[in-house]
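Have a look at the structure below before the remarks.
Numbering (my numbering), first residue to last: 126 to 357.
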């Protein structure tokens, strides 16, 4: 497992990308079906390799004897965690949609297309898988793992939450300052929940659900304008 994780975090993605690139070369005998599905393979492998940091967290947790429970990933309360996550997603979608459209209309945020390439049979499946991957990656690494480790370093709960939220906001700066602010506030809310409840599954479910709903909403409502913000 250690070998696979190290390679997945370093050179294996490049090796796989190089192999996939051969499928796009105009070689005799390669069918059109193969060419048509190269993009799907690229999307799928990108999702799989993006899960490598989660594998590293799980590996370190088991090797150190901590197990999954301190990171909020125990499965004993999944029956309660999933509904809580869905409820959280409703709240995030309701508030986030208004804030996001307002930020775009005020030109302090870029409009970001939250979907894979459109018009393919695999658009929706990849959208769903990508949302699950993004939700798991961010909540396991940025919420659960980071806050857990900072707390072990004697950081206070609020300080650990603010550090996690700042990191979350910073890698959304490509969306503009509105993206930073919205994700910072989301990080504060999610981080506070993790510190108080010690559960990561509701955060993963909420995040993945929000991303899925956002992607499907874009597909359904693109080429329309709302509150001065046009969805293209």
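Quick reminder that beta carbons are idealized off the backbone N, C-alpha and C, glycines included.
Ends of the alpha helix (DSSP H) at residue i?
i           : result
residue 133 : 127–133
residue 294 : 282–295
residue 343 : 326–346
residue 171 : 163–175
residue 137 : 137–146
Would you mind sorting residue i into buried or exposed? The rule is 16 or more other CB atoms within 10 Å of its CB.
i           : result
residue 262 : buried
residue 302 : exposed
residue 200 : exposed
residue 277 : exposed
residue 205 : exposed
Kindly give me the distance between the Cβ atoms of residue i and residue j, rounded to whole angstroms, as I take these residues to be in contact under 8 angstroms.
i           : j           : result
residue 328 : residue 309 : At roughly 15 angstroms, the Cβ-Cβ gap does not stay under 8 angstroms, so residue 328 and residue 309 are not in contact.
residue 270 : residue 196 : 6 angstroms
residue 181 : residue 134 : 7 angstroms
Using the three-state DSSP reduction, which class does residue i fall into: helix, strand or coil?
i           : result
residue 260 : helix
residue 321 : helix
residue 273 : helix
residue 247 : coil
residue 301 : coil
residue 278 : coil
* To do: Taking only runs that begin and end inside the region 182–241, name each unbroken alpha helix (DSSP H) of 4 or more residues, in chain order.
  => Runs of the alpha helix (DSSP H) inside the region 182–241: 203–230.
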